[in-house]
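Student: Going down the list, the sequences are from chains Z and S. Reading the first sequence from the start, the letters are residues 1 to 211 in our numbering. Reading the second sequence from the start, the letters are residues 212 to 422 in our numbering. Glycine residues also receive a C-beta, built at the ideal position from the N, C-alpha and C atoms.
Number of protein chains: 2
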Amino acid sequence: MAGAGAASGRRAGAFGRAVLKRAQKTDTSPRAALLPKLGEVFRTYGYEGASLTLITAATGLGKGSLYHLFPGGKQQMAAEVLTEIDQWFEREVFAPLRDSAEPHAGIAHMFRATDDYFRSGRRVCLVGVFALGAARDEFTDAVQGYFDRWREALAQALRRAGQARAEAMELSEDILAGMQGALVLARAADDHKIFSRALKRMAERVPKRVG
Amino acid sequence: MAGAGAASGRRAGAFGRAVLKRAQKTDTSPRAALLPKLGEVFRTYGYEGASLTLITAATGLGKGSLYHLFPGGKQQMAAEVLTEIDQWFEREVFAPLRDSAEPHAGIAHMFRATDDYFRSGRRVCLVGVFALGAARDEFTDAVQGYFDRWREALAQALRRAGQARAEAMELSEDILAGMQGALVLARAADDHKIFSRALKRMAERVPKRVG
DNA sequence: GTCTATATAGGGATAGAC
DNA sequence: GTCTATCCCTATATAGAC
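(1) Thinking C-alpha only, which one of Z:V81, Z:A101, Z:S172 is nearest R412 of chain S?
(2) Of all the options Z:F130, Z:E102, Z:P96, Z:R187, which has the alpha carbon lying nearest to the alpha carbon of R112 of chain Z?
(3) Check whether the region 348 to 368 of chain S touches the region 150 to 160 of chain Z, counting contact only when three or more Cβ pairs, one atom from each stretch, lie closer than 8 Å.
(4) First and last residue of the alpha helix (DSSP H) that includes A105 of chain Z?
(5) Give the DSSP-derived three-state secondary structure of S383 of chain S in the structure shown.
(6) Do V338 of chain S and Y357 of chain S have their CB atoms nearer than 7 Å?
(7) How many angstroms separate the CA atom of K74 of chain Z from the CA atom of L52 of chain Z?
(8) Entirely within the region 236 to 271 of chain S and at least 4 residues each: give me those alpha helix (DSSP H) ranges in chain order.
(9) Assign P71 of chain Z to one of two classes, buried (16 or more other C-beta atoms within 10 Å of its C-beta) or exposed (fewer than that).
(10) Can you tell me where the alpha helix (DSSP H) with Q374 of chain S in it begins and where it stops?
(11) List the residues of chain S whose Cβ lies closer than 8 Å to the Cβ of R122 of chain Z, in chain order.
(12) Please determine, among S:P241, S:G317, S:T267, the residue with the shortest C-alpha to C-alpha distance to E251 of chain S.
(13) Taking the Cβ atom as the reference point for each residue, do L265 of chain S and E295 of chain S lie within a distance shorter than 7 Å?
(14) Quick check on the DSSP output: the alpha helix (DSSP H) that includes V304 of chain S runs from which residue to which?
(15) Quick check on V129 of chain Z: does DSSP put it in helix, strand or coil?
(16) Would you mind working out which of S:S311, S:G317, S:G332 sits nearest F406 of chain S, comparing C-alpha positions?
(17) By the criterion of Cβ-Cβ separation under 8 Å, what are the contact partners of G271 of chain S in chain Z?
(18) Pick out whichever of S:D359, S:V417, S:S311, S:L396 has its Cα sitting closest to the Cα of A379 of chain S.
(19) By DSSP, does G273 of chain S sit in helix, in strand, or in coil?
(20) Run through chain Z and tell me which residues come within less than 9 Å of T264 of chain S, C-beta to C-beta.
(21) Indicate the three-state DSSP secondary structure (helix, strand or coil) for K200 of chain Z in the structure shown.
(22) In chain Z, which residues lie with their C-beta within 8 Å of the C-beta of Y256 of chain S?
(23) In whole angstroms, what separates the C-alpha of A342 of chain S from that of K193 of chain Z?
(24) Listing by chain order, which chain Z residues have their CB less than 8 Å from the CB of L387 of chain S?
(25) For E303 of chain S, which residues of its own chain have a beta-carbon under 7 Å away from its beta-carbon, when the five flanking residues on both sides are left out?
The structure is reproduced here in structure tokens:
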């Protein structure tokens, strides 16, 4: 779930489907199926804590198979997981924020998709976990880009919704920080409702549509 | 720095000083001097990533010395670091929130002390780092207690400042989450100003004193 | 493409000299 | 109280059989 490709393969001949797949960069190779499982291991144990033993247990594959699929080892696994996460957010969150005709709809969609993705607070943010640790320096671009493009897309939607430039910048920063912090607090207290409450309050801080 | 004991040993005879030390639990043993250095290693590399090799480099002590001082190994080191952090916040942040005659003064003091402690965003929160990783389960009480008592002390100050019970609970949660999230974003973007901006905006969300 | 060795390095931890 | 030397285990990674 939450992975790429859930929306593919709907109605197309063999040729059309292949084109579609390439166009959307949907990967049906065995590696693609592993990425969500790898993601959960990195999320739970962090980059350093995610040992190959834990990874073999989570994936059901031996080390030999893993290195066959990811010759670059753990680093490549994490890099591909980050790429997949980025693509998911680009499609499900950033693009709607930028493209939806009605900016409030895009913002509402962001809150829904985010709540889903983080399982209403039961799941932490892998990019946040990496950002806080030493792994940040090994995955700088992915970590910076994720938050940067999220903030930028959200600020743009807020501006389109009528907010002044400075206020849109500030509120987008507040909302992103509020979500990340709520994930920290939720996991610290082992109480996922902290995240739901925070999401709700942040949605309320978005100025309503005039008229 | 930012550790315990900076305020001790000011003006007291040998006996008075000893009493003072015990009363404040100020520890002048060599172990106490190591805790800040250990803290920085755990903060930077996380619990799993903080290898004894890194720790020996940061402290200038060999493994033998470290195990002489901390027979419980890495676990004990981390536990004592967490205790020291907790004591520092209890003294510099939680107690002022609870005890200051003027609640707004306690809250203002919290923002100043927090800005200092996190070096205006250049430093991440060790408790937050632990909370997000697998170490949380090994240090549950310390991790839960830290955020819990902070939130509780802040909510109490907000109530004393005139806020309704429910609003005080919500705002205290927002402020804690906002700070933690801002530390994540600041480190992700490698831009500590994100934290300062967030602190300022959160201070503005605290209702002003009436009159 | 998957597995079972195996190689090599680094992990945490201990013993014992000084 | 500090060091060096060492133990044993687990880490990542590779080779090669199937």
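Tutor: Put simply:
(1) Z:S172
(2) Z:P96
(3) no
(4) Taken as a continuous stretch (DSSP letters only), the alpha helix (DSSP H) holding A105 of chain Z covers 103 to 117.
(5) helix
(6) The answer is yes: Cβ separation under 7 Å.
(7) Approximately 8 Å between the Cα atoms of the pair.
(8) Positions of the alpha helix (DSSP H) runs, each at least 4 residues long and wholly inside the region 236 to 271 of chain S, are given as 241 to 260, 263 to 270 in order along the chain.
(9) So P71 of chain Z ends up on the exposed side.
(10) Run containing Q374 of chain S: none; DSSP gives neither H nor E here.
(11) By Cβ distance, chain S contributes nothing, its closest Cβ being about 13 Å from R122 of chain Z, past 8 Å.
(12) Closest in C-alpha terms to E251 of chain S, from the list S:P241, S:G317, S:T267, comes S:T267.
(13) no
(14) V304 of chain S -> no alpha helix (DSSP H), and no H or E assigned at all.
(15) helix
(16) By alpha-carbon distance to F406 of chain S, the top candidate from S:S311, S:G317, S:G332 is S:G332.
(17) Here the premise fails: no neighbours, minimum Cβ distance about 21 Å.
(18) S:V417
(19) Here G273 of chain S sits in coil by DSSP.
(20) Chain Z residues near T264 of chain S: none, gap ~13 Å exceeds 9 Å.
(21) helix
(22) E48, G133, A134
(23) 16 Å
(24) G181, L185
(25) A324
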